[in-house]
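Below: the structure, in structure tokens.
Numbering (full-length UniProt numbering), first residue to last: 1 to 510.
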């Protein structure tokens, strides 16, 4: 900033008014007040583009600058407001600053009053829809969209993204079907929308429709959105094809794409390939990369590798976060390392300033419970600074099932019946605990409760990936287009198994 002031002083001494480079220097230094005084100091008002530069800078801040309103009013008085001014204003507005929303709403009113809105500028239209979307005013965003006389793909995408971020996937789906033209942003919004809202099959199907049938090339965001969906449905073959595409396009240089690929291989059970991806990230490894790999090792019972990687993380100077410790304590659980798990749990706050969250308590309850330390596990639950949730009590109930502790199981069940009354699986676990302890009166009470709740077991189903396409099969399912072939093959396999079984039985008798 001192350099900018010196440049300003030299320009004034020489009578040279090089405003544009000077203004850019000041804005780059972040002194918005100086920039505003600089514009005001010129006798003839500078052109609108220079004012728009400052307007954009003021609106782009995390919290809009106090100068924004007076500066905007000055532009209005000077007649320097243009459609571009409003575009920059709305596209730069921070959705986190809710206190400034009334100002932007008034700006929209002024925009209409000045007649600029009738121009149907596509950039301005997109900026307006995006502003309302970021402010979570989806009804208003839709109203602006419906009032537009001309809608291009960018405007559709703005509203589509708003619906997806707001969790209104069905509304997004309907809008997507109405779009006259779609680009990679449109398709990516739908893929990520499905994936983020747990509709993983639809995310995969939409991605395949985009890539194979519509011929639209995925970008970094598309790839990092579809890979978690592949992981969720076990579509590792498709994940491999996506990896091949991403490598060919150089997308794996993006750490978010690489992390998504690592997560996909991990959740599909291919730890070796996950490790290769992790190593390939190299110096770009961020905390998410480390956490994903530590968790991958821990979940698959490779507790030694998980803890070794944690120590490597520390040696690399990376500060762990809460997610790291979930993986580390889980590794201790699989390794039966009770004392080590306690040390890690205690070190969170003492060494790293991380307050344990409910998921860390859940891991500790599981660790202690599996080790048979049920009383200590219950004492930890009683000492929690937050109200235990169903996961915590479910972990205790599971430990009671393994170690046959009826008293604590009843206590855990009493809590679970209030937290998730519709989850009859907990009652089945309690029934099994009673049965293993010979308490048949308890079994009878539980099954009476199950009958009252009209307990019905959910139909089981499986996903099978074949040639990059996911097939879903339910119990006794006949909805698949090739179900006759499936059942014929199944009958043939069953018959072969029976014949082999009979032959082996005859050999044993002989």
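Each residue gets a CB set at the ideal place from its N, CA and C atoms; glycine is no exception.
Own chain partners of residue i with C-beta closer than 6 Å, once the 5 adjacent residues on each side are dropped
i, result
"residue 225", "191, 192, 195"
"residue 216", "184, 187, 210"
"residue 207", "191, 226"
"residue 152", "122"
"residue 256", "224"
"residue 98", "Its pLDDT being 49, under 50, residue 98 is placed unreliably in this model, and the coordinates cannot settle the point."
"residue 393", "412, 415, 416"
"residue 388", "381"
"residue 495", "none"
Short Cβ contact (9 Å threshold) for residue i with residue j
i, j, result
"residue 323", "residue 348", "no"
"residue 231", "residue 267", "yes"
"residue 180", "residue 155", "no"
"residue 380", "residue 403", "no"
"residue 320", "residue 352", "yes"
"residue 182", "residue 214", "yes"
"residue 390", "residue 419", "yes"
"residue 129", "residue 144", "yes"
"residue 338", "residue 371", "yes"
"residue 313", "residue 292", "no"
Which listed residue (the options) has its alpha carbon closest to that of residue i
i, options, result
"residue 383", "150, 397, 400, 362", "362"
"residue 346", "150, 326, 336", "326"
"residue 297", "276, 340, 271", "271"
"residue 442", "199, 409, 215, 487", "409"
"residue 406", "393, 390, 399, 433", "433"
"residue 243", "216, 273, 486, 176", "273"
"residue 166", "495, 385, 133, 485", "133"
"residue 437", "420, 448, 426, 400", "400"
"residue 386", "412, 414, 356, 413", "356"
"residue 299", "290, 269, 318", "269"
Straight-line gap, residue i to residue j (C-alpha atoms, nearest Å)
i, j, result
"residue 220", "residue 227", "11 Å"
"residue 335", "residue 358", "22 Å"
"residue 140", "residue 333", "50 Å"
"residue 160", "residue 175", "7 Å"
"residue 131", "residue 146", "15 Å"
"residue 512", "residue 430", "Since the displayed the chain opens at 1 and closes at 510, residue 512 lies outside it and no answer follows."
"residue 493", "residue 499", "10 Å"
"residue 398", "residue 428", "11 Å"
"residue 360", "residue 329", "8 Å"
"residue 377", "residue 369", "6 Å"
"residue 138", "residue 484", "47 Å"
"residue 310", "residue 490", "46 Å"
"residue 157", "residue 197", "18 Å"
"residue 331", "residue 354", "19 Å"
"residue 173", "residue 202", "11 Å"
"residue 411", "residue 426", "12 Å"
"residue 276", "residue 448", "53 Å"
"residue 264", "residue 341", "27 Å"
"residue 488", "residue 200", "30 Å"
"residue 435", "residue 413", "16 Å"
"residue 497", "residue 486", "17 Å"
"residue 282", "residue 482", "46 Å"
"residue 306", "residue 260", "19 Å"
"residue 16", "residue 74", "The predicted model places residue 16 with a pLDDT of 42, which falls under 50 and marks its position as unreliable; any figure quoted below should be read in that light. Taking the straight line joining both Cα atoms gives about 25 Å."
"residue 127", "residue 450", "55 Å"
"residue 212", "residue 162", "26 Å"
"residue 142", "residue 240", "39 Å"
"residue 350", "residue 245", "45 Å"
"residue 343", "residue 177", "55 Å"
"residue 562", "residue 303", "Limits of the chain in this structure are 1 at one end and 510 at the other, which puts residue 562 out of reach."
"residue 290", "residue 364", "21 Å"
Cut-off 8 Å between Cβ atoms - residues of its own chain near residue i, not counting five sequence neighbours on either side
i, result
"residue 204", "226, 229, 230, 233, 235, 238, 470"
"residue 280", "252, 258"
"residue 512", "The requested residue 512 is not part of the displayed model; the chain covers only 1 to 510."
"residue 423", "390, 416"
Neighbourhood of residue i by C-beta, 7 Å cutoff - its chain only, sequence neighbours within 5 removed
i, result
"residue 366", "333, 395"
"residue 169", "193, 194, 197, 199"
"residue 446", "427, 430, 431, 434"
Proximity test, residue i beta-carbon vs the ligand MG heavy atom, cut-off 8 Å
i, result
"residue 304", "This structure does not include the ligand MG; it has no bound ligands of any sort."
**Message:** Any contact between the region 282 to 289 and the region 234 to 252? By contact I mean 3 or more CB pairs, one from each, below 8 Å.
**Reply:** As far as the Cβ criterion goes, the region 282 to 289 does not touch the region 234 to 252, which means the pair count is below three.
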